[in-house]
Amino acid sequence: MAVDEYSESTQAAPTPEEVGASYDEFGDLYGLILGDAAIHVGMWVTPGARTRAAGFTDLANLAMDRQTDHYIAALDLGPDDHLLDIGCGTGGPAVRAARATGARVTGITVSGSQVELCRARAEEAGLADRVDFALADAMDLGKEYEDESYDAAWAIDSFAHMENRLAVLRQAWRVLRPGGRLLFTEFTKRGEPTPEHLAVWRAVWTSPPPQTPATLLERVTTEAGFHLERLENHTDSFVVTGDLMDIFYREHHERILARYGAETTASMDAAMPKLRELINEHMGYFVFVVRKPN
1 MAVDEYSEST
11 QAAPTPEEVG
21 ASYDEFGDLY
31 GLILGDAAIH
41 VGMWVTPGAR
51 TRAAGFTDLA
61 NLAMDRQTDH
71 YIAALDLGPD
81 DHLLDIGCGT
91 GGPAVRAARA
101 TGARVTGITV
111 SGSQVELCRA
121 RAEEAGLADR
131 VDFALADAMD
141 LGKEYEDESY
151 DAAWAIDSFA
161 HMENRLAVLR
171 QAWRVLRPGG
181 RLLFTEFTKR
191 GEPTPEHLAV
201 WRAVWTSPPP
211 QTPATLLERV
221 TTEAGFHLER
231 LENHTDSFVV
241 TGDLMDIFYR
251 EHHERILARY
261 GAETTASMDA
271 AMPKLRELIN
281 EHMGYFVFVV
291 RKPN
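The sequence shown begins at 1 in full-length UniProt numbering and counts up by one.
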């Protein structure tokens with residue numbers, strides 16, 4: 001997670017191997033600064049919502065669970081459906097979807113350590129018969145992921161890592177049945193982030209520079225051929241998540257120092273305030289729900 005000066009590598013999209021290695025190495029860190037229910041943005045701003053929590057981590061987990069529930073409802077999953085979870089993280093959303101709807105879920109990730117955590121989570125929940133996980137590259141799914149074999153798919157905060165988003169969209173198109181829905185979230189650009197901001201984003205989130213919502217929508221509908229059903233702006237929740245990540249980082253600083261050592265922690269110390277500033281001033285967060293035509 002070293003933050004280099006702005007260079008060509010800052011703009012380059014990460015390879016699947018780089019993303020997997022990042023989660024293998026820094027998975028513990030993400031759990032500390034995001035919460036351990038999942039690894040994605042939480043739904044903090046919901047009209048009429050009331051939440052009781054014992055502490056900040058519990059509050060973060062509740063926010064992520066609330067966001068996952070929103071995604072489950074958006075896809076209208078049922079017990080006869082099979083969901084492909086693209087970039088399944090540590091398995092929280094997949095297990096939650098299976099428990100809530102009775103659906104089957106297949107999760108894929110490029111992180112070997114995440115596959116182990118996911119399988120343990122499914123076993124603990126008593127859902128290993130309906131929820132399975134595998135090491136796979138969403139940009140190039142193998143023959144075991146058959147054409148038109150899934151009723152729905154989602155990619156929660158994972159598209160940002162993809163070296164070739166269009167390839168992922170085309171693979172999702174291939175494995176979805178006609179009429180199947182794909183839900184994905186995207187971190188987007190507001191204004192003009194500085195080169196230093198982009199270097200921090202690349203280092204901390206293992207992601208290329210964010211794009212505008214209009215650019216992403218053009219790619220999804222025109223180049224990949226999906227029909228847009230819903231587009232939701234959840235930027236307010238992302239800003240809160242960015243604030244809490246910085247707070248959690250400082251709260252757990254001694255644990256982080258012990259886990260990662262002085263040199264890596266010093267690099268993180270410099271990066272986290274810049275990441276918070278970037279999210280507050282130059283980032284957006286959108287939820288896309290698209291459908292493969294019948």
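Cβ atoms here follow ideal geometry from the backbone N, Cα and C, with glycine treated the same way.
Which first and last residues belong to the alpha helix (DSSP H) in which residue i is found?
i: H197; result: 195–205
i: Y260; result: 253–282
Considering only the alpha carbon of each residue, which of the options lies closest to residue i?
i: W201; options: D147, T212, F187, E123; result: F187
i: L275; options: V287, D243, Y285, Y260; result: D243
i: residue 363; options: A266, E163, A120, R230; result: The chain is shown only over 1 to 294; residue 363 falls outside these bounds and no answer can be derived.
i: G179; options: E229, K143, A155; result: E229
i: E116; options: A100, G91, V95, T222; result: G91
i: T212; options: G225, L62, L141, H282; result: H282
i: F238; options: D157, M268, L216; result: D157
i: A97; options: M268, V287, Q67; result: Q67
i: Y145; options: V105, A13, R121; result: V105
i: R99; options: A128, A258, R181; result: A128
i: L217; options: R130, F288, L75; result: F288
i: T241; options: L183, A13, P93, T57; result: T57
i: A203; options: D76, A63, L278, C118; result: L278
i: K189; options: A60, N280, A94, G107; result: N280
i: L176; options: A60, L183, A153, R130; result: A153
i: E72; options: A60, N61, D85; result: Checking the sequence, you will find Ile at residue 72 rather than Glu. Residue D85 is the option with its Cα nearest to I72.
i: residue 309; options: Y260, G284, T101, V220; result: Any question about residue 309 goes unanswered here, given that the chain covers just 1 to 294.
i: F248; options: S267, D76, V220, L59; result: L59
i: T185; options: L62, H161, A155; result: A155
i: A103; options: S113, D76, R121; result: D76
i: G89; options: R174, D24, P193, H253; result: D24
i: A21; options: R174, Q114, L62, A74; result: Q114
Rounded to a whole number of angstroms, what is the C-alpha to C-alpha distance between residue i and residue j?
i: S149; j: H82; result: 8 Å
i: S207; j: L135; result: 20 Å
i: E8; j: H197; result: Bear in mind that a pLDDT of 40 at E8, under 50, signals an unreliable position, so the number given afterwards is only what the model happens to contain. Answer to the nearest angstrom: the Cα atoms are 14 Å apart.
i: P167; j: F159; result: At residue 167 the sequence reads Ala, which differs from the Pro that was named. Spanning the two alpha carbons is a distance of roughly 11 Å.
i: V3; j: V19; result: Here the model assigns V3 a pLDDT of 46, short of 50, so the residue's position is not dependable, and the following value carries that caveat. Looking at the two C-alpha atoms, the distance is approximately 16 Å.
i: E232; j: D69; result: 15 Å
i: G87; j: S111; result: 9 Å
i: D246; j: T264; result: 16 Å
i: E124; j: G191; result: 45 Å
i: T222; j: R291; result: 13 Å
i: P195; j: D80; result: 48 Å
i: A13; j: G78; result: 36 Å
i: A271; j: E251; result: 16 Å
i: G261; j: G107; result: 32 Å
i: R119; j: L169; result: 26 Å
i: L182; j: A172; result: 8 Å
i: A266; j: T101; result: 44 Å
i: A214; j: G225; result: 15 Å
i: D132; j: D151; result: 16 Å
i: N294; j: P16; result: 31 Å
i: R255; j: D147; result: 46 Å
i: H227; j: V220; result: 8 Å
i: M268; j: R259; result: 13 Å
i: A199; j: P273; result: 13 Å
i: F286; j: P210; result: 12 Å
i: R121; j: M64; result: 16 Å
i: A94; j: H253; result: 30 Å
i: R165; j: D137; result: 12 Å
i: R174; j: W205; result: 28 Å
i: L141; j: H161; result: 16 Å
i: N61; j: K143; result: 36 Å
At a cut-off of 7 Å, is residue i close to the ligand MN when judged by its beta-carbon and the heavy atoms of the ligand?
i: R104; result: With respect to the ligand MN, the structure offers nothing, as it holds no ligand at all.
What did DSSP end up calling residue i once you bin it into helix, strand or coil?
i: T57; result: helix
i: T68; result: helix
i: E18; result: helix
i: E190; result: Note that residue 190 is Arg in the sequence shown, not Glu. Looking at R190 - three-state DSSP - the assignment turns out to be coil, as it is neither helix nor strand.
i: G48; result: For G48, the pLDDT reaches just 49, beneath the cut-off of 50, and the residue's location in the model is therefore unreliable, leaving the point undetermined.
query: Taking only runs of the alpha helix (DSSP H) that begin and end inside the stretch 202–244, which ones reach a length of at least 4 residues, in chain order?
result: 213–218
Original post:
Unbroken beta strand (DSSP E) runs of length 3 or more, entirely within the UniProt domain "Methyltransferase type 11" (84–184): which are they?
Top reply: 104–109, 131–135, 150–155
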